[in-house]
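Undergrad: Chain order of the listed sequences is A and B. According to numbering that gives the first Met the number 0, the stretch in the first sequence is residues 0 to 164, in order. According to numbering that gives the first Met the number 0, the stretch in the second sequence is residues 0 to 581, in order. Glycine is no exception: its CB is placed at the ideal position from the N, C-alpha and C atoms.
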Amino acid sequence: MEQPTHIISALVEHRPGVLQRVAGLFTRRGFNIDSITVGESETTGLARMTIIAHGDQKVLEQITKQLNKLVDVIKVRDLNPESTVKRELCLIKVHAPSESVRAEVIQYAGIFRGRIIDVSGEALTVEITGDSDKIDALIDLLKGFGIKELARTGPTAMSRGMKTI
Amino acid sequence: MKGGQAIIKSLIDQGADIVFGYPGGQLLPLYDMIYDSDLKHILVRHEQCAAHAADGYARASGKVGVCIATSGPGATNLVTGIATAYMDSAPVVAIAGQVPTHLIGNDAFQEVDMIGITMPITKHNFQATDAEEIPSMVKSGFEIAITGRPGPVVIDLPKDIQEQEMENYNDNPMDLPGYKPTKKGNPRQIKRAAKAINESLKPVILAGGGVIIANASKELQKLSNLINAPVTTTLLGKGSFPEDHESSMGMLGMHGRKVANLTVDESDCLIAIGCRFSDRTTGKIDEFAPNAKIVHIDVDPAEIGKNVEVDVPIVGDAKIVLQDLIKMLEKQEANPTTSSWIKKIHEFKNSCIPRISFENDVPLKPQQVIKEISLAADEDTILTTDVGQNQMWMAHYFNTRNPRKFISSGGLGTMGFGFPAAIGAKVAMPESDVVAVCGDGGFLMVCQDLATVKEYDIPVVVCVLDNRHLGMVAQWQKLFYDERMSHTHLGEVPDFVKLAESFGVRAERIEKPGQTREALENAFKSGEPTLLDIVIDPDEILPMVPPGCGLTEIVGEYKVEREHPGEITYNNPAGKTSGEGD
Ligand SMILES: Cc1ncc(C[n+]2csc(CCOP(=O)(O)OP(=O)(O)O)c2C)c(N)n1
């Protein structure tokens with residue numbers, strides 16, 4: 000059975016080793032982690048992590064409780080997907096040896112509001128942000144041309160409106 | 000002041016009067032400073048024993064236990080002890096040497112990533128990168144170790160930091176915004192618990208180690224009296240409720256008492272306090288307390304709902320929550336209909352009191368040995384156990400009367416724990432007699448620390464239950480692997496008496512009923528460390544619930560005390576059970 004996906008946002012101390020503590024906790028407890036992103040938050044000394052994981056309600060509850068137990072973790076929230084903005088960055092290097100292929104790739108990138116950030120004789124690099132579905136769709140389209148390299152950040156997220164964690 | 004001196008001063012400031020340790024290259028500066036300091040240090044003979052001794056010290060006293068080891072192999076030798084303390088929520092602070100900061104990450108001689116290694120087995124860990132941090136780090140380390148759900152804390156201490164001169168000594172606690180243990184239970188949930196209790200006809204209390212940690216034994220007895228509920232405990236909960244009290248059912252679970260298992264099976268309301276529903280306690284989870292509403296009180300929110308679905312969750316310190324719950328229950332009339340339940344339980348209990356008298360049997364039955372240990376022990380005697388049959392025999396047959404008097408490795412099940420834990424307990428509680436009950440296998444893992452008890456004159460009594468087998472594993476092989484005894488026979492060596500004597504430790508071999516009690520009493524009188532090599536029947540099997548079965552599916556013959564039902568006597572000078580007079 001397909002397990003529901005959860006978006007977990009965590010405010011943590013911005014210190015070396017904290018990512019390891021969080022990631023290690025997932026491995027040790029047998030929780031499935033799809034992606035994890037981390038970067039500085041609005042407060043100096045604190046970082047915000049976005050963890051995408053799947054599992055049933057019981058697993059989710061354990062994940063949040065176990066995360067909360069870490070001394071370096073200040074707050075944990077399971078974000079409601081309906082009222083959450085979620086963005087992922089992806090860089091895609093596409094094989095584009097001819098004028099016509101290049102034109103097509105640029106056109107597709109445009110439709111998806113992507114940008115071309117590097118061009119060479121043989122390849123184009125597209126930058127795209129959006130939710131993961133949109134990125135998947137563009138990747139699918141570009142597959143036909145030959146994707147040389149692909150790098151995704153995994154989603155980062157926050158609640159809509161005034162709600163904060 | 001130097002970093003190392005700051006460690007020593009802050010340990011002393013935190014009330015750590017004694018540390019268990021073992022030196023090495025990366026701790027030379029610290030040891031040099033210990034030389035001139037007021038810090039008492041006990042040199043163990045293996046770092047694992049330092050960690051277990053610190054743990055035993057902590058569990059016996061309720062204070063933080065401290066151990067120190069050098070970097071690399073010294074630090075990794077602590078790991079088993081740290082993991083043991085973690086699983087059993089014991090407040091231990093472990094200080095590990097580390098290579099100098101400029102060498103960290105270079106695979107320097109005796110470098111190991113102690114922070115990485117201990118992340119999953121500590122409550123928290125720190126690496127000092129500047130001597131100025133040390134006082135706050137030690138203070139916060141102690142605070143984290145002992146508050147909320149206690150646990151081990153590692154402080155990794157690079158060599159250069161020990162030597163670094165510091166400007167000022169500032170021990171303000173570190174800013175830890177993510178650390179706020181909940182103490183007080185939610186009043187709404189407490190109300191719900193009171194309601195569930197009042198509506199129940201067959202309430203049972205399951206007390207875990209959390210009750211002992213929270214010093215909530217008085218409250219536990221009060222609750223049991225108030226609502227007429229029998230009390231069973233987990234292994235770590237032994238002593239939270241006097242086991243010679245008529246409402247005590249003894250330990251629950253795989254190796255628990257039959258009456259406890261049956262009582263929980265029949266109960267309609269299980270009040271679980273400070274326990275984590277380990278598989279060893281619950282048996283098959285789907286068949287655990289099938290008819291009961293479950294109230295679960297625990298200081299660690301992550302324990303609630305982890306293994307067992309709970310009807311009323313209460314997060315908080317057991318003592319505070321129980322006080323609030325009792326207040327609420329006192330306002331309401333306690334349910335009178337439970338008195339028939341308690342009567343039934345008592346009858347139940349009298350019909351299956353485990354037999355412990357085997358006065359004529361040679362080889363000695365372990366039950367008889369435990370009976371004699373009971374007779375020699377008084378209220379203050381601290382018993383530690385190792386892991387294996389020895390542990391389960393003690394847990395099953397020995398009635399523990401007070402908290403912090405039964406110390407055993409529950410969660411990790413660490414062979415080699417019993418003897419060093421006894422060393423720690425004796426150091427913490429020099430006025431109490433301390434007895435370590437060990438198997439021959441487990442004792443051999445740590446026997447080198449006979450040197451420590453001799454050297455520092457720590458008069459613990461080690462009872463080696465000598466069956467020349469890895470008894471517990473052999474039992475499983477007998478019961479579940481067609482008696483194919485793969486590698487569980489220990490052979491005839493060593494001679495434990497000679498072994499002890501070679502360390503200068505008094506020793507005696509016991510082979511007949513009556514001798515254990517006498518030898519123990521003599522050992523207590525002698526005030527010297529003593530080893531008793533107690534030769535027991537290797538074929539005696541403890542009744543148990545096979546793994547994966549429900550609590551009522553006990554296998555192995557359940558021997559019942561027929562001659563004097565209800566009468567297991569203990570050395571109890573006041574002649575009353577400690578359950579009375581509260
Ligand atoms: C360090 C460690 N290694 C292995 C085990 C697995 N184990 C559990 S009980 C046991 C047998 C213990 O034998 P002994 O110490 O002689 O005690 P007995 O069961 O005979 O009382 C073993 C090997 C363990 N718990 N801990």
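#1: Go ahead and label Q19 of chain A buried or exposed: buried means 16 or more other beta carbons lie within 10 angstroms of its beta carbon, across all protein chains shown.
#2: How is the alpha helix (DSSP H) around D165 of chain A delimited, first residue to last?
#3: Just to confirm my understanding: we take G578 of chain B, look at its own chain, exclude 5 residues before and 5 after, and list those with CB closer than 7 Å. What are they?
#4: Go through its chain and collect everything with a Cβ distance to A89 of chain B's Cβ below 6 Å, but skip five positions before and after it.
#5: Below 7 Å on C-beta distance, what does K305 of chain B contact in chain A?
#6: What does a CB cutoff of less than 8 Å around E454 of chain B pick up in its chain, not counting 5 residues either side in sequence?
#7: Would you check if the distance between the CB atom of S199 of chain B and the CB atom of K257 of chain B is smaller than 8 Å?
#8: So M136 of chain B is in the alpha helix (DSSP H); what residue range does that whole segment cover?
#9: If you count every other CB in all the chains shown that lies within 10 Å of the CB of D439 of chain B, and 16 or more means buried, which is it?
#10: Tell me whether R27 of chain A is buried or exposed, calling it buried when 16 or more other Cβ atoms sit within 10 Å of its Cβ.
#11: Under the three-state reduction of DSSP, which class applies to L636 of chain B: helix, strand or coil?
#12: How is P28 of chain B classed by DSSP in three states: helix, strand or coil?
#13: Note down, in chain order, each residue of its chain lying with its Cβ closer than 8 Å to the Cβ of D432 of chain B, except the 5 sequence neighbours on either side.
#14: For the beta strand (DSSP E) that N401 of chain B lies in, which residues bound it at each end?
#15: Indicate whether at least one CB of chain B lies closer than 8 Å to the CB of G23 of chain A.
#16: Roughly how many angstroms separate the alpha carbons of G441 of chain B and M414 of chain B, rounded to a whole number?
#17: Any heavy atom of ligand 1 closer than 7 Å to the Cβ of V386 of chain B?
#18: So, does the region 151-166 of chain B touch the region 93-108 of chain B, judging by three or more C-beta pairs under 8 Å?
#19: Using a Cβ-Cβ cutoff of less than 7 Å, which residues in the same chain neighbour H468 of chain B once the five nearest sequence positions on both sides are dropped?
#20: CB-CB under 7 Å to I164 of chain A, same chain, minus the five flanking residues each way: which ones, in chain order?
#21: With 16 as the cutoff for other CB atoms within 10 Å, does H123 of chain B come out buried or exposed?
#22: Given that a residue counts as buried once 16 or more other Cβ atoms are within 10 Å of its Cβ, and exposed if not, what is K217 of chain B?
#23: Ligand 1 and M471 of chain B: does the residue's C-beta get closer than 7 Å to at least one heavy atom of that ligand?
#24: Consider the Cβ of L449 of chain B: report whether some Cβ of chain A lies at a distance smaller than 8 Å.
#25: Name the residues in the region 1-21 of chain A whose C-beta lies less than 8 Å from a C-beta of chain B; which are they?
#26: Measure the CB-CB distance between P353 of chain B and V559 of chain B and report whether it falls below 8 Å.
#27: Please list the segments of the alpha helix (DSSP H) lying wholly inside the region 226-280 of chain B, counting only runs of 4 or more residues, in order along the chain.
#28: Taking the C-alpha atoms as reference points, what is the distance between E164 of chain B and K1 of chain B?
#29: Give, in chain order, every residue of the region 103-132 of chain B whose Cβ lies closer than 9 Å to some Cβ of chain A.
#30: Using CA atoms only, rank isn't needed, just tell me which of B:M250, B:L26 and B:I33 is closest to I11 of chain B.
#31: Which of the three DSSP states is assigned to T42 of chain A in this structure?
#32: What first and last residue would you give for the alpha helix (DSSP H) that runs through Y85 of chain B?
#33: Closer than 6 Å by C-beta to A271 of chain B: which residues in its own chain qualify, once you throw out the five before and the five after it? Chain order, please.
#34: Residues in its own chain within less than 7 Å of F141 of chain B by CB, not counting five upstream and five downstream?
#35: Could you check whether the Cβ of Q56 of chain A sits closer than 8 Å to any Cβ belonging to chain B?
#36: Relative to the alpha-carbon of K147 of chain A, which residue among A:V100, A:E103, A:I91 and A:R101 has its alpha-carbon at the smallest distance?
TA: On the basis of the data shown:
#1: exposed
#2: Since the first and last residues shown for chain A are 0 and 164, residue 165 of chain A lies out of range.
#3: Confidence at G578 of chain B is low in this model, with a pLDDT of 38, below 50, so its placement is unreliable and the value that follows should be read with caution. If we look at G578 of chain B and ignore the five residues flanking it on each side, its Cβ neighbours are Q220, P241 and H244.
#4: D54, A57 and R58
#5: Q61
#6: L42
#7: no
#8: I133 to I145
#9: buried
#10: exposed
#11: Since the first and last residues shown for chain B are 0 and 581, residue 636 of chain B lies out of range.
#12: helix
#13: A376, D377, D379, T380, I381, V460 and F523
#14: Where N401 of chain B is concerned, there is no enclosing beta strand (DSSP E), given that its DSSP letter is neither H nor E.
#15: yes
#16: 5 Å
#17: yes
#18: yes
#19: T487, H488, L489 and P537
#20: S8, L10, K74 and R76
#21: buried
#22: exposed
#23: yes
#24: no
#25: V11, E12, G16, Q19 and R20
#26: yes
#27: 257-265
#28: 4 Å
#29: I114, G115, M118, P119, K122, H123, N124 and Q126
#30: B:I33
#31: coil
#32: P72 to M86
#33: L205 and H295
#34: Q13, V63 and V92
#35: no
#36: A:I91
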